[in-house]
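For what it's worth, our numbering labels the leading residue of the sequence shown as 32, then goes sequentially.
Even for Gly, the Cβ is constructed at its ideal location relative to N, Cα and C.
Only one structure is covered here, and it is reproduced in the block below.
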Amino acid sequence: MAWLPSSGLISVIYLAIIALICRWLFKLWINILQLPPGPWGIPIVGYLPWLSNKAYLDFIEIGKKYGGLFSIKLGNETVVVLNDWPTIKACLVDKSKTFSGRPFNIMVNTFGNRKDITFADGPVWQKQRNLTIKCMKNAGVGKSAIQIYILEMVDQIMDFLKQSDGKAVFLNTIIANSVFAFTWKLISSIELAENADEMKKITKHFRIILNALRSDNPVTYFPILRFCPPNGFGYWKYQKSLKKYHWFLRRVLDKYKEQSSPKYGVVDYYIEEIKQNDSKNPPYNADYLIGVMADLMVATGDTSIASTLWGFLYLVLYPEVQQKVQSELDKVIGRERLPTIEDMPRLPYLNAVTMEIYRMSSIVTLSIPHSTLEKVQVNDCVIPKRTTCIINLYAVHHDPKLWDEPELFKPERFLNEDNEVQSFPYLIPFSVGARQCIGQSLGDVELRLIFSCILHRFTLSLPENMPKPSLESTAEVSIKPLPYSVYVKCRKS
Numbered sequence: 032m033a034w035l036p037s038s039g040l041i042s043v044i045y046l047a048i049i050a051l052i053c054r055w056l057f058k059l060w061i062n063i064l065q066l067p068p069g070p071w072g073i074p075i076v077g078y079l080p081w082l083s084n085k086a087y088l089d090f091i092e093i094g095k096k097y098g099g100l101f102s103i104k105l106g107n108e109t110v111v112v113l114n115d116w117p118t119i120k121a122c123l124v125d126k127s128k129t130f131s132g133r134p135f136n137i138m139v140n141t142f143g144n145r146k147d148i149t150f151a152d153g154p155v156w157q158k159q160r161n162l163t164i165k166c167m168k169n170a171g172v173g174k175s176a177i178q179i180y181i182l183e184m185v186d187q188i189m190d191f192l193k194q195s196d197g198k199a200v201f202l203n204t205i206i207a208n209s210v211f212a213f214t215w216k217l218i219s220s221i222e223l224a225e226n227a228d229e230m231k232k233i234t235k236h237f238r239i240i241l242n243a244l245r246s247d248n249p250v251t252y253f254p255i256l257r258f259c260p261p262n263g264f265g266y267w268k269y270q271k272s273l274k275k276y277h278w279f280l281r282r283v284l285d286k287y288k289e290q291s292s293p294k295y296g297v298v299d300y301y302i303e304e305i306k307q308n309d310s311k312n313p314p315y316n317a318d319y320l321i322g323v324m325a326d327l328m329v330a331t332g333d334t335s336i337a338s339t340l341w342g343f344l345y346l347v348l349y350p351e352v353q354q355k356v357q358s359e360l361d362k363v364i365g366r367e368r369l370p371t372i373e374d375m376p377r378l379p380y381l382n383a384v385t386m387e388i389y390r391m392s393s394i395v396t397l398s399i400p401h402s403t404l405e406k407v408q409v410n411d412c413v414i415p416k417r418t419t420c421i422i423n424l425y426a427v428h429h430d431p432k433l434w435d436e437p438e439l440f441k442p443e444r445f446l447n448e449d450n451e452v453q454s455f456p457y458l459i460p461f462s463v464g465a466r467q468c469i470g471q472s473l474g475d476v477e478l479r480l481i482f483s484c485i486l487h488r489f490t491l492s493l494p495e496n497m498p499k500p501s502l503e504s505t506a507e508v509s510i511k512p513l514p515y516s517v518y519v520k521c522r523k524s
């Protein structure tokens with residue numbers, strides 16, 4: 032007869048299981064008590080039903096009750112929100128390494144299979160980030176040589192505006208196409224010879240991907256939504272566009288095999304690094320290079336498009352600001368030539384305007400979510416290891432405790448009594464700490480040259496007999512204004 036455990040042994044096993052469950056529940060309860068306070072919503076979905084497509088505004092309202100650091104249940108995940116500057120500084124600056132992780136979730140894991148810079152973390156990520164920055168510098172970023180490529184882009188925009196003199200036009204397409212072309216030239220020496228229809232499709236896929244990757248996408252925190260018909264809350268459309276986009280980038284890499292003489296964009300330098308290292312040693316292989324290419328289109332392309340569109344919108348809504356910029360340009364530069372990078376230190380008002388555009392637009396409203404690499408104490412709260420942290424940059428840039436009349440466009444806030452530019456540590460459009468955007472220096476120069484050159488040659492205003500443009504925005508990683516038109520007038524030489 033087979034041996035059967037005695038009733039006493041079965042009782043011991045049951046007690047052991049119950050003890051383990053009780054221990055787990057006790058630890059869970061202790062973690063909950065130590066977490067920052069916040070709303071929990073309802074079972075299964077958490078607080079998701081109460082969040083709009085402008086979660087950054089919802090978080091500001093929640094912060095009025097719970098403060099600058101609170102937790103919130105989003106689907107099956109408990110997330111911590113950093114909702115003001117003191118909290119963001121305490122976490123991303125003072126404990127930069129601890130908060131330098133990225134969360135694991137179904138959306139970001141599929142973007143680059145964690146072989147990119149934006150959504151990966153750990154030692155390989157740090158090596159890949161440093162390698163990419165090195166390749167960007169070799170390609171001209173941070174050097175005066177980059178000005179040549181930026182001015183080519185500006186010329187393309189100005190040619191369009193010259194042809195539109197005395198007309199009302201939409202800027203969205205010309206800005207997007209010009210910035211996209213410049214960004215691609217920086218990334219790769221392979222020219223995009225595809226037909227216009229195919230490039231429109233690739234750009235469309237790019238937009239779908241950016242929309243899906245926003246921090247407040249409900250599928251991120253409640254993955255089961257991806258099975259809901261007809262499109263899984265956009266998940267399957269995202270997957271289709273992602274495959275098309277990666278296919279496009281791999282086809283570009285294939286063209287390098289046909290290239291007889293090397294030219295030098297970021298990809299060219301990265302390929303040289305791969306050749307000099309073991310391809311089995313990450314990040315020195317094509318998969319990681321694909322991740323870098325995808326990242327740079329966002330970090331240096333999409334963000335510049337968004338900032339430029341917001342900038343021109345504010346300049347037509349505040350014509351007195353535009354006139355002050357033009358007066359400064361005429362006084363410092365004159366009418367005979369265009370501004371250059373070397374002129375920027377002598378244009379304090381232009382620089383102040385650019386900083387105010389960054390503040391007002393806050394294009395990456397919730398930044399890219401961070402994750403804690405270890406258990407950490409912030410203020411009187413304990414945040415467990417691998418907790419997703421959402422950074423509300425918009426709340427910082429519109430905090431009345433930091434900014435006088437934050438709802439108004441006031442470039443003068445960045446000028447002191449001597450008309451010198453003054454910056455503030457809480458102006459953080461490119462985030463802050465270990466995950467600060469690698470495209471910051473490039474985007475800064477790009478934006479200043481675009482605004483200075485365009486306003487030197489043209490005056491943009493609101494078209495007559497047309498509705499005033501809205502300040503409503505799209506829902507993407509980098510929010511953009513809704514399409515608007517401007518009236519173009521060439522300035523006299």
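**Message:** So, with DSSP's three-state summary, where would you put residue 494?
**Reply:** Position 463 of the sequence shown, counted from the start, is the residue given in the question as residue 494. Reduced to three states, the DSSP call for residue 494 is coil.
**Request:** Drop a sphere of 10 angstroms on the beta-carbon of residue 522, count the other beta-carbons inside from all chains shown, and report buried for 16 or more, exposed for fewer.
**Result:** Here residue 522 refers to the residue found at position 491 when the sequence shown is read from its first residue. Classification of residue 522: exposed, given that the 10 Å Cβ count is below 16.
**Request:** Whole angstroms is fine: what's the gap from residue 139's alpha carbon to residue 270's?
**Result:** For the purposes of this step, residue 139 is identified with residue 108 of the sequence shown, where counting begins at 1. For the purposes of this step, residue 270 is identified with residue 239 of the sequence shown, where counting begins at 1. When only Cα atoms are considered, residue 139 and residue 270 end up about 11 Å apart.
**Request:** Helix, strand or coil for residue 32, going by three-state DSSP, please let me know.
**Result:** Numbered from 1 along the sequence shown, position 1 holds the residue referred to as residue 32. Legend: pLDDT at residue 32 = 46, less than 50; position of this residue unreliable, value from coordinates given subsequently. Secondary structure at residue 32: coil, using DSSP grouped into helix, strand and coil.
**Request:** Mark residue 467 as exposed unless 16 or more other C-beta atoms lie within 10 angstroms of its C-beta, in which case mark it buried.
**Result:** Taking the sequence shown and counting its residues from 1, the one referred to as residue 467 is at position 436. Residue environment for residue 467: exposed (fewer than 16 other C-beta atoms within 10 angstroms of its C-beta).
**Item:** First through last residue of the beta strand (DSSP E) which encompasses residue 109
**Value:** Looking up residue 109 in the sequence shown gives position 78. The continuous beta strand (DSSP E) containing residue 109 extends over residues 108-113.
**Request:** With residue 440 as the anchor, note down where its beta strand (DSSP E) starts and where it stops.
**Result:** Indexing the sequence shown from 1 puts residue 440 at position 409. Residue 440 -> no beta strand (DSSP E), and no H or E assigned at all.
**Item:** Span of the alpha helix (DSSP H), counted from its first residue to its last, around residue 363
**Value:** Here the question's residue 363 lines up with position 332 in the sequence shown. Here the alpha helix (DSSP H) through residue 363 covers 350-363.
**Prompt:** Buried or exposed: where does residue 454 fall if 16 or more other Cβ atoms within 10 Å of its Cβ makes it buried?
**Reply:** As a first step, residue 454 must be located in the sequence shown, where it is residue number 423. Under this definition residue 454 is an exposed residue.
**Item:** Alpha carbon of residue 222 to alpha carbon of residue 448, nearest angstrom
**Value:** Taking the first residue of the sequence shown as position 1, residue 222 is located at position 191. Taking the first residue of the sequence shown as position 1, residue 448 is located at position 417. Distance between the alpha carbons of residue 222 and residue 448: 49 Å.
**Request:** Using only alpha-carbon positions, find the residue among 185, 249, 209, 122 that is nearest to residue 107.
**Result:** Working through the sequence shown from its first residue, we reach residue 107 at position 76. Residue 249 is the option with its Cα nearest to residue 107.
**Message:** Determine whether the beta carbon atoms of residue 273 and residue 301 lie at a separation below 7 Å.
**Reply:** Working through the sequence shown from its first residue, we reach residue 273 at position 242. Working through the sequence shown from its first residue, we reach residue 301 at position 270. No, the pair does not count as a contact, with Cβ atoms beyond the cut-off.
**Prompt:** Does DSSP classify residue 211 as helix, strand or coil?
**Reply:** Here residue 211 is taken as the residue at index 180 of the sequence shown, counted from 1. Here residue 211 sits in helix by DSSP.
**Request:** Look up residue 217 in the DSSP assignment and give the residues it is bridged to.
**Result:** Taking the first residue of the sequence shown as position 1, residue 217 is located at position 186. None, per the DSSP bridge assignment.
**Message:** Need the endpoints of the beta strand (DSSP E) that residue 101 sits in, please.
**Reply:** Counted from its first residue, the sequence shown places residue 101 at position 70. Residue 101 -> beta strand (DSSP E) spans 100-105.
**Request:** Label residue 259 either buried or exposed according to how many other C-beta atoms from any shown protein chain fall within 10 Å of its C-beta, with 16 as the threshold for buried.
**Result:** The residue labelled residue 259 in the question sits at position 228 within the sequence shown. Exposed, since its Cβ has fewer than 16 Cβ neighbours within 10 Å.
**Item:** Beta-carbon separation (whole angstroms), residue 79 vs residue 105, contact threshold 8 Å
**Value:** Here residue 79 corresponds to residue number 48 of the sequence shown, with the count starting at 1. Here residue 105 corresponds to residue number 74 of the sequence shown, with the count starting at 1. Contact holds; Cβ gap of about 6 Å.
**Message:** Between which residues of its own chain and residue 450 is the CB-CB distance below 7 Å, once the five residues before and five after are set aside?
**Reply:** Position 419 of the sequence shown, counting from 1, holds the residue named residue 450. Here the set comprises 379.
**Asked** With a CB to CB cut of under 7 Å and the five nearest residues on each side skipped, what residues in its chain are close to residue 514?
**Response** For the purposes of this step, residue 514 is taken as residue 483 along the sequence shown, with counting starting at 1. Apart from the 5 residues on each side of it in sequence, residue 514 sits with its Cβ closer than 7 Å to the Cβ of 201, 203 in its chain, given in chain order.
**Request:** Return the first residue and the last residue of the beta strand (DSSP E) that residue 199 is part of.
**Result:** For the purposes of this step, residue 199 is identified with residue 168 of the sequence shown, where counting begins at 1. Looking at the DSSP string, the run of the beta strand (DSSP E) that includes residue 199 is 199-201.
**Prompt:** Measuring CB to CB, does residue 153 end up less than 7 Å from residue 325?
**Reply:** Sequence index remark: in the sequence shown, residue 153 carries index 122 (1-based). Sequence index remark: in the sequence shown, residue 325 carries index 294 (1-based). Cβ atoms of residue 153 and residue 325: not closer than 7 Å.
**Message:** Just to confirm, is the Cβ distance from residue 336 to residue 207 under 7 Å?
**Reply:** Locating residue 336 in the sequence shown gives position 305, counting from the first residue. Locating residue 207 in the sequence shown gives position 176, counting from the first residue. Less than 7 Å divides the Cβ of residue 336 from the Cβ of residue 207.
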